[in-house]
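Reading through the structure tokens given below for one structure.
Numbering (mature numbering (1 follows the signal peptide of the UniProt record, and there is no 0)), first residue to last: -21 to -1, 1 to 752.
Encoded structure:
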């Protein structure tokens, strides 16, 4: 371990500082900015985005609500106009299960948009306001027609809903104010019904509710789903500012003021709140506990870098759990001021005293150490957690909000379509895209108008690049260059080994058109510049392999149980590779090999094959915040020779087809790629950490739901024997809130299972609150 990392340290120390590498058309480094009073570039940039596979040639991706009759004067009812902007063009609403060919970016210019009925957020919809002057959506006093003002999954007759919650992908809210203060105080209205899954996001949202002691307002309600990421949110007032339940989720930079209960979590398997501020509330976190094998409540909840002020109770549980697991809780670095009780039981009894203090580390739940298979239930402080300085800023985990370039002039936006790329899913756009990067990286914002951009050889994304898509623009690798599994080729290379500098990617979908068995979809090489932690990052972007129109990796060619590795169904060699000298700040990144056909109205299951999910050999620092990796044959996360990694909720599923064929088939492990060689369970690994140091994980949901598409093994909790592995030659590996489904052994060391799921069952999942070497 020391030898490999020592060499990497030397390499990192000798990085060439290419922070200011410039394209050939750049005269100075950096994108010029306009005055703060100027308009937001997204409003005025030319609308050239289109959906090439949509049969309607006039289909519009970007729509302004004002083009559909919205007034935005705070008096006129704009409900119908907004809903028309969302639904126009035969988009994916009631009766449509899923679809990738009907994307919509619904733009709200500055204004006050009064609504008297619910706004239904269709599948594959982004609702985006002006980032410089966020518009308000105001609920009228006579609002009616549904429980929520903004609804991402409306209820219909007999408790049914528009969409299946676990597949409720592709939604985003940005730069919006939701004003509920005109509603009657006793109205139990939800501001946002956010029952969503992966590839969803919220950025820069404010919700205003009544502060009356009798208020029934709820700012956000979430009762199900499989998420997910949201952040940069402020909630003021309300009975419960947020009422949340989901399999897994990450929330970053949340602020709640003047609520009776700031955050109520009704259930989860694993959830992390990172950088939460609560002020002037009755209870900061009310956690529904008491779950067992027949009742699901909160499984695991992490609260990191919290600031709680003038609030009676910081954390309160709904049951008393003095000596047994029924809801794991982790508190890490919480600053309290004017807090009466830090942790209380359901009756308000003091578990941990309040006052003005900082809680360094406190846990409730089952704790394991090393190779011991005996849990110790604790409800107490822990010894100080060893955290690498490289991952911290002012004693907290480094976080960085998604860049929106609000002060960039439209004159400094370079459209790839205006530069000659077609984005039609037919034309080879390799040369046109590479030319844009070569000319404008480092001094212009590179804008990928919505489309499907086909590339047939490696695209080099230079250090200094700042690029943004439109409603998850698709960049698609295809062709002979990516056809050889024995000679894998990078599709999108982010920086070159040794590069150091700023690099920003947001709102992009990287994908392939199969067969592409030799594709390394994204290789990440760039390291952030000294003194700018997290400056090399990717936000609200994902790697989607197969399962959609245009990929050829769909139900027409690869329906489940019809192949065990047919050449036409080989999708990728590796999803994401973070190389030795790189750093990376990745937020909301999902590396998904499709398990079903999104564009088939029955969501037909498919069998397609990708060898590897996320592979990191980086010496750090690496921040993976709200990330997921699913259905790859060998592993979902593989950290080998890695150092200084912060993983804030990772989510995995192993392939549904396994063990037919047995892992690693149809791929072969290769030592030069640090592949695992032990597949005794017949299944892929969810998480594998080998020869690594300083890996801190706060939330891991690792799931095995199927045995060759059958689910009888779920009831007996033994779809596979082992699922996560840590090598004994690794150092300072700490895992908080590990939740597994369908694995007999939750964790193994050197391949030998050490933690039995049966000792940690507390709902559908089993949960270990803390494991360390």
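Positions of the beta carbon are idealized from the N, C-alpha and C atoms, including for glycine.
- For residue 648, the CB contacts under 6 Å within the same chain, skipping 5 residues up- and downstream, are 654 and 656 in chain order.
- In the three-state reduction of the DSSP assignment, residue 45 falls in the helix class, which pools H, G and I.
- Residue 554 is a Cβ neighbour of residue 589, given a cutoff of 8 Å.
- Residue burial is scored here from C-beta neighbours: residue 312 has at least 16 other C-beta atoms within 10 angstroms and is therefore classed as buried.
- Counting every other CB atom within 10 Å of its CB across the protein chains shown gives residue 167 a total below 16, marking it as exposed.
- DSSP, read as helix, strand or coil, puts residue 419 in helix.
- Rounded to whole angstroms, residue 109 and residue 23 show a C-alpha spacing of 11 Å.
- Note that the C-beta distance between residue 318 and residue 333 is below 8 Å.
- DSSP places residue 718 inside the beta strand (DSSP E), whose first and last residues are 710 to 720.
- For residue 61, the enclosing alpha helix (DSSP H) has its first and last residue at 58 to 66.
- In the three-state reduction of the DSSP assignment, residue 627 falls in the strand class.
- Residues 339 and 340 of the same chain have their beta carbon placed closer than 8 Å to that of residue 363, with the five preceding and five following residues left out of the count.
- Three or more pairs of CB atoms, one per stretch, sit closer than 8 Å, so the region 704 to 721 contacts the region 235 to 253.
- Residue pairing by DSSP places residue 150 opposite 104 and 179 in a beta bridge.
- By the neighbour-count definition (other C-beta atoms within 10 Å, threshold 16), residue 423 is a buried residue.
- Classified as buried, residue 366 has 16 or more neighbouring CB atoms from the shown chains inside 10 Å of its CB.
- In the DSSP assignment, residue 515 falls within the beta strand (DSSP E) that extends over 515 to 518.
- Straight-line measurement puts the Cα of residue 173 at about 13 Å from the Cα of residue 143.
- Partner residues in the beta bridge of residue 735, as assigned by DSSP, are 724.
- Below 8 Å, enough C-beta pairs join the region 125 to 144 and the region 96 to 115 to call them touching: three or more.
- Residue 449 holds the alpha-carbon nearest to the alpha-carbon of residue 153 among 236, 449 and 357.
- By the CB criterion at 8 Å, residue 196 and residue 233 fall outside the cutoff.
- Boundaries of the beta strand (DSSP E) around residue 407: 403 to 407.
- With contacts defined as CB atoms closer than 8 Å, residue 520 and residue 488 qualify as a contacting pair.
- Taking residue 16 as reference, the option from 735, 43 and 385 with the minimal CA-CA separation is 385.
- Listed in chain order, the beta strand (DSSP E) runs fully inside the region 486 to 548 are 498 to 503, 515 to 518 and 521 to 524, counting runs of at least 3 residues.
- Counting only residues of its own chain and dropping the five nearest sequence neighbours on each side, residue 739 has a CB closer than 8 Å to the CB of 304, 345, 354, 725, 745, 746 and 747.
- Taking a C-beta distance under 8 Å as the contact criterion, residue 458 and residue 430 do not qualify as a contact pair.
- Between residue 491 and residue 538, the C-beta spacing is not below 8 Å.
- The closest CA to that of residue 567, considering only 606, 580 and 383, is found on 606.
- Residue burial annotation: residue 257 is buried, with at least 16 other C-beta atoms found within 10 angstroms of its C-beta.
- A direct Cα-Cα distance of roughly 17 Å separates residue 751 from residue 279.
- Residue 704: member of the beta strand (DSSP E) spanning 703 to 705, first to last residue.
- One Cα belongs to residue 658, the other to residue 702, and the distance between them is close to 10 Å.
- Residue 749 has its alpha-carbon roughly 10 Å from the corresponding atom of residue 361.
- Inter-residue distance for residue 390 and residue 89 is about 21 Å (C-alpha atoms, whole angstroms).
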